[in-house]
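Report on the structure given below.
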Amino acid sequence: MSEVILQPRPAPNSIDETLALLTEADYVADRALATVLFLSLRMKRPLFLEGEAGVGKTEIAKVVASALGRKLIRLQCYEGLDLSSAVYEWNYAAQMIEIRMEEAAGVADRDLMERNVFSEKYLIRRPVLEALTGAEGAAPVFLIDELDRTDEAFEAFLLEILSDFQVTVPELGTIKAEEPPIVIITTNRTREIHDALKRRCLYHWVDYPDAARELEIVRRKVPNANARLSAEVVGFIQKLRDLELFKVPGVAETIDWASALTELDKVALDPGTVSDTIGVLLKYQDDIARIEQGEGRRILNEVKAELAAAE
Amino acid sequence: MESYRAKPVLVNTDGRLADNIVYFARALRKAGMRVGPAAVKDAIEAVLAAGIGSREDFYWTLHSVLVNRREDHAVFDEAFRLFWKSRELIEKMISMLSPVAPDHREREKPRAAESRVADAMFEGHRKERPQETREIEIDARLTFSGSEVLRGKDFAQMTAKELADARLAISAMRLPFDLVATRRFRTDPRGRRADPRAMMRSALRTGGDLVLPKFRSPREIHPPLVVLADISGSMSQYTRIFLHFLHALAEKRRRVHTFVFGTRLTNLTRQMRHRDPDEALAEASQAVKDWSGGTRIGDTLREFNRLWSRRVLGQGAVVLLITDGLERDDVAGLSEEMERLHKSCRRLIWLNPLLRFEGFEPRARGVRAMLPHVDEFRPVHNLNTLSDLCASLSDARSRDFDPRLWQGLGSRPAA
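So the sequence lines, in the order shown, correspond to chains A and B. With our numbering, the residue at position 311 of the first sequence is 311, and numbering never jumps. With our numbering, the residue at position 24 of the second sequence is 335, and numbering never jumps.
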């Protein structure tokens, strides 16, 4: 993998600048998100993003990293995530060899040996430690993704990291960040995160976008989609979200559907196409059955009527 | 945090901006949001960092600091609208933040606004409190209806002995399938996996002369427990015991989510966290609007599945469903919702107080619809004491509670 040369840019100076920065990077944000992002950068506080799956939470971190020219370090959380895969690990095999080599060389000094065996050379840096090594003015973006998947024990550990931005490796000493990373935490709310952690962060609920913003997103992400098709797709999905479905489609699904339909050379929605491609939008059998039983057709007619009225 | 390129007006923090934010936070607290002093300090810092350009920016700035649960958004929204109602107030604050702020306005105005908001919020509280209705003594056991009757409930206080017994019973309780292996490890001399980190450490103690094997094994924890308890009329005589059980359980274990349902679903998890059981029960009694009313199992399960299942059923949760299964509404929907519930948790245990009657047959349509979708169907022999409830849950021979034993019975024509 070739190393991309990053040119770090300083954080924006106002909410408007933040909004412009996001728009420039093709992320269509509302003012609320720009405000909270600006504050998080300015106050150097972690940003806590909560929301349903597929509303673009992870994307925010990626966009911030690329727009500010920072390295993106991602810690994907999962159940049972532990210190050795989140923070650091020693390279045991290499350490064993080192011990044998020193024995063969006849090193008798135990202190020297310990220093050699537990040297930075054998330290495997995992995301948390990596995130604490940013230089002044070029702090990386540290994305802690889907925090709700891990357990409370890890959350408590994270609390410590987020308040001091330092990690203690017993054999080496304390490693402290020159400049704290830009921390972005996302959760899908499959579990409540403890208040103590939330209190240290700036909270933002990422909601589904309104029709105008969603249309803009489709326009930017699927540039070759027909204008009429995009409007119909967005209208259909907006209406779908009002139904009490088990899992309503997110923005990611909107983009997928628009590009799928574009690939199929469609210029407008029709009941047959909707039913053929519904699997892109809905992932639960009950929901699909409900839409195929006629509600899909009803929504489609409504959308078409509304678009016709608007013209 | 000390180094934002702040405007020189920062010196002015002891002005009315800070006061107003403090009052606003107090109003939010009265409305039931948890806003601590640290959050207030952060809010002031955030407002100074952002600079107030417009009402919207000001709104989202405060929002980002003071709101940290989605449920609080509505409260914040309303409080903000009421508190910062007078457009003047924000305008005043904007001008205060600009360097030419004239600072000789009377201090009374924001106070007035504050009391208005407090009034408005207290009014809401008064309305919310359910009227203490005297309970009419109608024995509703074994009768069931789909009608929604809203009424309050007054529980007898828990005696000290009861409390001690409850704790004892809970600690003796062993739920089936109550341990899940995590991917974390603990040192264990009889473990089956090598522990390189420990080996390295101990090897260094001898300078590498002796590298002794160390072992570890996966750590086991209790999975989350989700309790769905029926509080409808036909179950009303057991409700007090359930709630005591749930309270004692929430005290003992960390991840317990409590829901009760009659005609609607109520999440009692937070209420049950109160240390004092009487207080917890009193709060629960206020939060629930449908004590001893009708039953709509299908609808409430559907609501649970749609709104809560993905939030509380993660990490191998065990679901404890306490109901008699006497459903009035559409039974077809019930079966589907049960199936979904069953498929989203690790183990679904149905505790049915009706099973204790000799010759119980699952003839009610609701019971028949639910039976195929549970892992265990357990009776509660005597629900008068908590220890019995715990004992019936601890019974390890889960073969005896296989729901299939009952399924055959129900299809038989009634004698």
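Ideal Cβ positions, reconstructed from N, Cα and C, are used throughout, including at glycine. Just so we're clear, the structure is a prediction, and the values are computed from it rather than from any experiment.
In the DSSP assignment, H204 of chain A forms a beta bridge with A:L49. Within the same chain, Cβ atoms closer than 7 Å to the Cβ of V522 of chain B are found at M510, A514, the five residues on either side in sequence being excluded.
The shortest C-alpha to C-alpha distance from D111 of chain A to any of A:V222, A:T23, A:L172, A:R9 is the one to A:L172. Contact of K198 of chain A with chain B by beta-carbon distance below 9 Å involves N379, R380. As summarised for the region 68-93 of chain A, the continuous alpha helix (DSSP H) elements at least 4 residues long and confined to that stretch are 83-86, given in chain order. For H384 of chain B, the nearest CB of chain A lies under 8 Å from its own CB, placing it at the interface with that chain. The C-beta distance from V678 of chain B to P714 of chain B rounds to 10 Å, too long to meet the 8 Å contact threshold. Against chain A, a Cβ distance below 7 Å from R495 of chain B picks out G80, D82.
Proximity of T18 of chain A to chain B, defined by a Cβ-Cβ separation below 8 Å, is not satisfied. When 9 Å is used as the limit between beta carbons, T190 of chain A is near these residues of chain B: R621, R622, V623, L624, G625, Q626, in chain order.
The beta carbons of Q76 of chain A and D145 of chain A sit closer together than 8 Å.
Taking C-beta atoms as the reference points, P524 of chain B and A505 of chain B count as a pair closer than 8 Å.
The Cβ of V169 of chain A sits no closer than 8 Å to any Cβ of chain B. Ranked by Cα distance from G56 of chain A, the options A:W205, A:Q166, A:I161 are led by A:W205. Where Q166 of chain A is concerned, the enclosing beta strand (DSSP E) starts and stops at 166-169. Here the C-alpha atom of W257 of chain A lies approximately 40 Å from the C-alpha atom of G573 of chain B.
Nearest Cα to L33 of chain A within the set A:P209, A:L307, A:K304, A:K283: A:P209. With distances taken between CA atoms, A559 of chain B lies nearest to B:V538 out of B:V538, B:S547, B:S543. Residue contact with chain A for P524 of chain B: absent (no Cβ-Cβ distance below 8 Å to any residue of chain A). Under the three-state reduction of DSSP output, W395 of chain B falls in the coil class, being neither helix nor strand.
With fewer than 16 other CB atoms across the displayed protein chains lying within 10 angstroms of its CB, E24 of chain A is exposed.
The C-beta of L515 of chain B comes closer than 8 Å to at least one C-beta of chain A. Inclusion of R70 of chain A and L6 of chain A in the CB contact set at 8 Å is warranted, their separation being smaller than that value. Only buried fits M583 of chain B, as 16 or more other CB atoms lie within 10 angstroms of its CB. For M511 of chain B, the nearest CB of chain A lies under 8 Å from its own CB, placing it at the interface with that chain. DSSP lists no bridge partner for H585 of chain B.
DSSP places P271 of chain A in the uninterrupted alpha helix (DSSP H) bounded by 271-281.
Interface criterion met: the Cβ of T35 of chain A is under 8 Å from a Cβ in chain B. At a beta-carbon threshold of 9 Å, none of the residues of chain B lie near Y88 of chain A; the nearest stands roughly 11 Å away.
Only exposed fits D587 of chain B, as fewer than 16 other CB atoms lie within 10 angstroms of its CB.
Counting every other CB atom within 10 Å of its CB across the protein chains shown gives D242 of chain A a total below 16, marking it as exposed.
Non-local C-beta neighbours of T569 of chain B in its own chain, meaning closer than 7 Å and more than five positions away in sequence, comprise V538, L557, A561, L579, T580, M583, ordered along the chain. Residue burial annotation: N13 of chain A is exposed, with fewer than 16 other C-beta atoms found within 10 angstroms of its C-beta.
Check the Cα spacing between H533 of chain B and each of A:L39, A:E152, A:T174: the tightest is with A:E152. Pairing G544 of chain B with G625 of chain B gives a Cβ-Cβ distance that is not under 8 Å. With a cutoff of 8 Å on beta-carbon distance, L47 of chain A and R9 of chain A are scored as not near each other.
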